[in-house]
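Read top to bottom, the protein sequences are chains A and B. Under my numbering, the first residue of the first sequence is numbered 93, with each subsequent residue one higher. Under my numbering, the first residue of the second sequence is numbered 81, with each subsequent residue one higher. Quick notes on the structure that follows.
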Amino acid sequence: MSLKSAERRTSAPGLSITSRLVILFTVAAVLILTLTSGILYWGLAKSLEERSSHYLRDEVNMLRAMLVKPDGLEEVKREIAMETGTLEYVQHYVRVLDKGGNVLIETAGMGQIIPASAFPRPTREETRYGKRAEWRTADGQVFMLKALCTELGDAPDRVRLQVALNSTRRMKILTEYREKLLIVGFFGVLGSLAASVWVSRRGLRPLREIVSITRRVTATHLDERLQARHWPKELHELAGSYDLMLDRLQDSFDRLSQFASNMAHEFRTPLSNLMGEAEVALGRERSPEEYRQVLESGLEEYRRLGHIVDSLLFLARAENGAHPLTLSLLNLRDEVDLIAEYYRPMAEEKGIELAVSCVEDAPLAADANLFRRAVGNLIANALRYTPGQGKVTISWALDQANGIEVAVTDTGCGIAEEDMPKLFDRFYRVETTRTKHPQGFGLGLSIVKSIMDLHGGTVAIRSQVDAGTTVTLRFPSPPASLG
Amino acid sequence: MRILIIEDEEKTANYLRRGLTEHTFAVDVASNGNDGLRLAESNDYSVIILDVMLPGMNGWEVLRSLRSQQKQTPVLFLTAKDAVTDRVRGLELGADDYLVKPFAFSELLARIHTVLRRGPVMTPSVLRVADLEIDIQALRATRAGKRLDLTPKEFALLSLLIRRQGEVLSRTRIAERIWNINFESETNVVDVHMRRLRVKVDEPFEKKLIHTVRGVGYVLEER
Chain A
93 MSLKSAERRT SAPGLSITSR LVILFTVAAV LILTLTSGIL YWGLAKSLEE
143 RSSHYLRDEV NMLRAMLVKP DGLEEVKREI AMETGTLEYV QHYVRVLDKG
193 GNVLIETAGM GQIIPASAFP RPTREETRYG KRAEWRTADG QVFMLKALCT
243 ELGDAPDRVR LQVALNSTRR MKILTEYREK LLIVGFFGVL GSLAASVWVS
293 RRGLRPLREI VSITRRVTAT HLDERLQARH WPKELHELAG SYDLMLDRLQ
343 DSFDRLSQFA SNMAHEFRTP LSNLMGEAEV ALGRERSPEE YRQVLESGLE
393 EYRRLGHIVD SLLFLARAEN GAHPLTLSLL NLRDEVDLIA EYYRPMAEEK
443 GIELAVSCVE DAPLAADANL FRRAVGNLIA NALRYTPGQG KVTISWALDQ
493 ANGIEVAVTD TGCGIAEEDM PKLFDRFYRV ETTRTKHPQG FGLGLSIVKS
543 IMDLHGGTVA IRSQVDAGTT VTLRFPSPPA SLG
Chain B
81 MRILIIEDEE KTANYLRRGL TEHTFAVDVA SNGNDGLRLA ESNDYSVIIL
131 DVMLPGMNGW EVLRSLRSQQ KQTPVLFLTA KDAVTDRVRG LELGADDYLV
181 KPFAFSELLA RIHTVLRRGP VMTPSVLRVA DLEIDIQALR ATRAGKRLDL
231 TPKEFALLSL LIRRQGEVLS RTRIAERIWN INFESETNVV DVHMRRLRVK
281 VDEPFEKKLI HTVRGVGYVL EER
């Protein structure tokens, strides 16, 4: 056991639940923040661009409407000059080219900023607004460009109209927005990190409480229970099963210490007999006959001690599965008759009828020696606790699952309700019988139980005070290999 | 007959020596494996009683070394460990029988007799002690010429006692031999059977043949 716990201690613990939760929370926060910022940024960019695009389209439409009028070129020239002078918030540049590519009119200074070749090829008239393009100048200004062919007044010639819209401002807005988003995102992630640390610490607090309660549980302090408190739903079940485990442990511990003290008691009686008799005998000179009596009495006590040790060893071996089990198909009728015959004189001496009530044979797979021992112990018990004129009956029957139930029924004193759960405990003896039947020492039923465990069977006791007791041994159906 | 005891526990060795000497055996004692092996090699013993846990050379080694020299002296080993593997190991190494401590001296004596008696033994069909006579083949027992009315088990019990006359039989051994019950019961069922047998065999007669050896068991002999 100590080896096992040492192993457990050396294996490094995995990542703590708190860290796991924090990591997961943070990853989720980063994802959500990135996604929302992305969508917001994209929406803003889209709407800004759309606005510029509308503006450009309106400008183009207006210019074209002017150009198709007679004397349109002059009107456009006036318009451009006017706009240049006003220094509008949204700057735009206009250029009109003839078929040969010569500039007819252009906004002042446009030639240095945007060459005519930067514009996309003009579309035909059918596509009303023409293609859009973008132009970036050396000093970082950005323009949205549009070009198209259109008629010019009453002249049959077509001209090319180029309009450029300065969108540097728009780009700047977007850049600033991006920076803000990054800052917000950074602090958002930091904030959610802190929040997740706090939340998971807080959420896991019951778990730490469980750990601290569990630490308090020791062999001498087994009455600690978890369910006295109100736990969250998830831990409720854990607390419940943990408490059940503690119940079982406490029960085993209680039994163990009961066992030890009972055992000490069973050893103490013969030992004190031995010591006392020897001391008294040595107190003065005695006749050989007296010495002989002391030795003989001692021998009886030694036998008793030896018998207890044997029984304990048997139980210990049976418990850790070290006792070999030689299963064979037994003739139940013969076996029971043999055991009954062995005990019958004893029954007759006490005036008890010992009966075998079943006639038909049944296949029983069991270890013959252990079977005799189990049934023998039951009969011995029954004879011990049944008064004269009583009856002890051995019977058997097949149960539904093809197992065999061997029952020993007596009409004896019965067993009180409060003694029932402890009947199979080693050295446990009902207090009244301890004085009435000093020759037993309370291992009989423990041995019966061990034997049944070895066979994969069960023992059941039904009893009524002053009416009698029935002990039923249930053996499982024979394995196919014994067929 | 000569017996060698190899046992390091002084008290055990002493009482074994005394007990066996009083039962007319010549006894040598060795307190460790090496001495024991030397004695066993240089003498012809009828039986060797060998403790398993010995200082120096343990019982298994003594036994192995003895058997490897083709020394076929019967060996009865004593062990405090009631583990099945131990017993199997001893028997595999060529031991003849074993006893688990604590054991009854009468049991040891019985085992020694059994080991010595191995081989073809002629058992006469009619056995006699004083005026008690049983015919094993005819399943008939008489005392002073009068036929005793015994059940089959009582007859078996009586013939066991008469075959081992003078030898104390423990209750466990009796239960095992007669009823095939090889566990010690908390109740002394054997006593009841013996009481009934005595009512038939001894009670009507002046001279008692079946005797209780307190704390040990029963013996049938003429005293």
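Glycine included, C-beta positions come from ideal geometry on N, C-alpha and C. The structure presented is a predicted model; accordingly, all values stated were derived computationally and were not measured.
Here DSSP, grouped into helix, strand and coil, assigns B:Phe263 to coil. For chain B, the residues of the stretch 391-405 of chain A that bring a beta carbon within less than 9 Å of one of its beta carbons are Leu391, Glu392, Glu393, Tyr394, Arg395, Leu397, Gly398, His399, Val401, Asp402, Ser403 and Leu405, in chain order. Taking the Cβ atoms as the reference, B:Leu130 lies roughly 6 Å from B:Val142, within the contact range of under 8 Å. The beta carbon of A:Val309 is closer than 8 Å to those of Glu316 and Leu338 in its chain, skipping five residues each way along the sequence.
Annotated as distal: A:Val251 and A:Leu257, with beta-carbon spacing of 8 Å or more. With respect to the 8 Å criterion, A:Lys514 and A:Leu475 are not classified as neighbours on the basis of their beta carbons.
With a threshold of 16 other beta carbon atoms within 10 Å, B:Pro204 falls short and is exposed.
Taking a Cβ-Cβ cut-off of 9 Å, the neighbours of A:Leu430 in chain B comprise Trp259, Asn260 and Ile261, given in sequence order. Think of a sphere of 9 Å around the beta carbon of A:Asn423: no beta carbon from chain B falls inside it, the nearest being about 13 Å out. A:Thr478 sits in coil when the DSSP states are folded into three classes, being neither helix nor strand.
Not a single CB atom of chain B sits nearer than 8 Å to the CB of A:Glu358. Distance from the CA atom of A:Leu405 to the CA atom of B:Asn138, rounded to whole angstroms, is 24 Å.
Membership of A:Glu440 in the alpha helix (DSSP H) is indicated by the continuous run Leu424 to Lys442.
For B:Gly295, the nearest beta carbon of chain A is closer than 8 Å to its own beta carbon. For A:Val289, the closest alpha carbon among the candidates A:Pro105, A:Thr110 and A:Phe235 is that of A:Thr110. In the three-state reduction of the DSSP assignment, A:Phe211 falls in the coil class. The beta carbon of A:Thr229 lies closer than 8 Å to those of Ile205, Ile206 and Phe235 in the same chain, with the five residues before and after it left out. The Cβ-Cβ distance between A:Ala466 and A:Ile553 does not fall below 8 Å. One alpha carbon belongs to A:Gln481, the other to B:Pro154, and they sit about 53 Å apart.
Scanning the stretch 102-141 of chain B for uninterrupted beta strand (DSSP E) segments of 3 residues or longer gives 106-110 and 127-131, listed from N- to C-terminal end. Sequence-distant partners of A:Val386 (beyond 5 residues in either direction) whose C-beta falls short of 6 Å from its own C-beta, in its chain, are Glu369 and Ala373.
Interface annotation, B:Glu264: in contact with chain A, CB-CB separation under 8 Å. Collapsing the DSSP output to three states places A:Phe406 in a helix. Out of A:Gly534, A:Arg566 and A:Glu452, the CA that lies nearest to the CA of A:Gly549 is found in A:Arg566. The continuous beta strand (DSSP E) containing B:Tyr298 extends over residues Gly297 to Leu300.
With a minimum length of 4 residues, the unbroken runs of alpha helix (DSSP H) contained wholly in the stretch 251-335 of chain A fall at 260-295 and 297-308.
Below the 7 Å Cβ cutoff, chain B contributes Ile261 as neighbours of A:Arg464, in chain order. Counted as a single uninterrupted DSSP element, the beta strand (DSSP E) harbouring A:Met236 occupies residues Val234 to Leu244. The alpha-carbon separation between B:Gly170 and B:Arg147 amounts to approximately 12 Å. If you draw a straight line from the Cα of A:Trp323 to the Cα of A:Glu329, it is about 9 Å long. With fewer than 16 other CB atoms across the displayed protein chains lying within 10 angstroms of its CB, A:Ala414 is exposed. Residues of the same chain with a CB within less than 8 Å of the CB of A:Cys505, apart from the 5 flanking positions on each side, are Tyr477, Thr478, Pro479, Val557 and Asp558 in chain order. B:His273 reaches chain A at Pro437, counting residues in chain order whose Cβ is nearer than 7 Å.
With a threshold of 16 other beta carbon atoms within 10 Å, A:Gly106 falls short and is exposed. Against chain B, a Cβ distance below 7 Å from A:Tyr520 picks out nothing, because the smallest value is about 14 Å. With respect to the 8 Å criterion, B:Gly113 and B:Gly99 are not classified as neighbours on the basis of their beta carbons.
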